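K.L.:
Residues -18 to -1, 1 to 305 (mature numbering (1 follows the signal peptide of the UniProt record, and there is no 0)) make up the sequence shown, in order.
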Amino acid sequence: PELLSLRFLGFFWLASHAAIVSRLIRPSCRALPTSPKRAAPARRITWGKYMNCGQTCIAPDYILCDPSIQSQVVENIKATLKEFYGEDVKSSPDYERIVNQRHFKRVKSLLEGQKIAHGGESDEASCFIAPTILTDVSPESKVMEEEIFGPVLPIVPVKSVDEAIEFINHREKPLALYVFSNNKQLIKRVISETSSGGVTGNDVIMHFFLSTLPFGGVGHSGMGAYHGKHSFETFSHRRACLIKDLKMESTNKMRYPPGSQKKVDWAKFFLLKRFNKARIGLFVLALLGVVAAVMIKSHQSVLKRKALLVVLAVQRLGWPSGW
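(1) Can you round the beta-carbon distance between A21 and N58 to whole angstroms, since I take them to be within the 8 Å contact cut?
(2) Closest to E215 by CA distance: which of S203, L228, E231, G198 is it?
(3) Is I98 helix, strand or coil when you go by DSSP?
(4) State the Cα-Cα distance for the pair T28 and T176, rounded to the nearest angstrom.
(5) State yes or no: is the C-beta of D76 within less than 9 Å of the C-beta of K141?
(6) Which residue from E103, T182, S242, E154 puts its Cα closest to that of K166?
(7) For Q96 and L116, I'd like the C-alpha separation in whole angstroms.
(8) Hey, is G132's beta-carbon within less than 9 Å of any beta-carbon in chain B?
(9) What residue from Y44, I169, K31 has the CA that sits closest to S123's CA?
(10) Are G132 and R88 closer than 9 Å when you measure CB to CB?
(11) On the CB-based measure, 16 or more other CB atoms within 10 Å of its CB, does F191 come out buried or exposed?
(12) Might you give, ordered along the chain, the residues of its own chain that have their beta carbon closer than 7 Å to the beta carbon of N34, omitting 5 neighbours on each side?
(13) According to the neighbour-count rule (16 or more other Cβ atoms, all chains shown, within 10 Å of its Cβ), is S74 buried or exposed?
(14) Going along the chain, which residues of its own chain have a beta-carbon closer than 6 Å to the beta-carbon of K245, five neighbours each way excluded?
(15) For G36 and I130, which I take to be in contact (beta-carbon distance under 8 Å), what is that distance rounded to the nearest angstrom?
(16) Under a three-way DSSP split, which group does S160 fall into?
As structure tokens, this is what we get:
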């Protein structure tokens, strides 16, 4: 039990970066920014994106949303940033910094040529980059070519769920996928028609915190998973072992030389899926039925014989037949 509670993180850094994290916000989110119900996705995305200055492997990497609600999404995130970090983000004790200047320059370069809807301020001396939102981002832009791993959130307009799914499937498989919708069937559809390391519906990152769920990537985002028993299974080797009996050697003649057409036919029957398991199952079931019928019939015969002996014994003792 103690072993199953341990975590191992280094395994997942074998892949070059984690993976792009995709977001789908449906037009059903359309409402006033003051609506708590509609603001919930923005709060959850803001928390997951700007936590540790965006430097987590499963932070939301970009947003896919309908063009008609793009401005509303921006306003909701801006309002949430003010709530989380105050008027002056730089002086907030809850807002972190970029890990080093090399990474600072890399993240800063991703802003070149982009339409900045919010943020963009930076200070190289303190490795500070303000929470930044980019709008109308082209899928071919530099910021969409690699994992951002910083406080920069691009918004890519898509006109439909089909376009969003196609967008996700034409890129490397992400480490995590987050889908926001009041329609659970839509969420299930996105899950079934895309591939990712993990999924959280109507929230971000939370699937990582459940020890009962495996956490890991797929394809470009890494292979394997850990958490609880999944860690034990990932880092354990399943050794195949077979021990046979030395008896009934005659049954092995089919695999020994010399070859013959009969042996080839038998091999095809067993190895090329001509061995119909369903028919064999029915045959075994029928055989068991016959055996059961024989046993019942035999048992009935024994009961009849016992009954006959009792009758004879009663007659021999001279007991009245009506007793």
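Cβ coordinates follow ideal geometry from the N, Cα and C atoms, glycine included. The structure displayed is predicted, hence computed values, not measured ones.
P.N.:
Walking through what the data contain:
(1) 5 Å
(2) G198
(3) strand
(4) 24 Å
(5) no
(6) T182
(7) 7 Å
(8) In summary, chain B is missing from the structure at hand, where a single protein chain is found.
(9) Y44
(10) yes
(11) exposed
(12) E78
(13) exposed
(14) M236
(15) 7 Å
(16) According to the sequence provided, residue 160 is Tyr. The question's Ser does not apply to it. The answer is strand: DSSP assigns Y160 an E or B state.
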